[in-house]
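Working notes, beginning with the structure itself.
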Amino acid sequence: MNTPSKSRSILGAALTLGALALVAAHPALAADDVFASGKEVIKASAGKGSTIEMAMLTSGLVGALVMGWMSRNWFVAAGGFAVGNILWSFAAPMVGLA
């Protein structure tokens, strides 16, 4: 039988406990939000009314137009564009871009 030895499991538990202690004790790791400045930069560049948002919505519109033109199924193309916009409306606030 291939069972782990007792010393190996004790070593794993000690390493896990040590890592948890380091995270709890280190001030930078225990800070409230270490990504606060990065979030503001992302929100400014990809938030509501940004160029990135406009590019995403425009590419979705162009994709829907191409799909509708090639398949001649305009209802599916318009529905896909509408679903994409609805998804963006709900997902953007969830990830902090609203």
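Mapped onto mature numbering (1 follows the signal peptide of the UniProt record, and there is no 0), the consecutive letters of the sequence shown carry residue numbers -30 to -1, 1 to 68.
Ideal placement from N, C-alpha and C gives every residue a C-beta, glycine not left out.
query: If you draw a straight line from the alpha carbon of G54 to that of A(-7), how long is it in whole angstroms?; result: 41 Å
query: Is it right to say A34 is buried, meaning 16 or more other beta carbons lie within 10 angstroms of its own, or is it exposed?; result: buried
query: Taking just the CA atoms, how far does A16 sit from I22?; result: 5 Å
query: Assuming F51 and G66 form a contact by the criterion Cβ under 8 Å, report the distance between their Cβ atoms to the nearest whole angstrom.; result: Wrong, their Cβ atoms sit about 25 Å apart, outside the cutoff.
query: Taking the alpha-carbon of M26 as reference, which of A(-18), I(-21), L(-20) and W58 has the nearest alpha-carbon?; result: W58
query: Out of K18, V32, V36 and N43, state which residue places its alpha-carbon closest to the alpha-carbon of M64.; result: K18
query: CA-CA distance, A47 and S41?; result: 9 Å
query: Quick check on G66: does DSSP put it in helix, strand or coil?; result: coil
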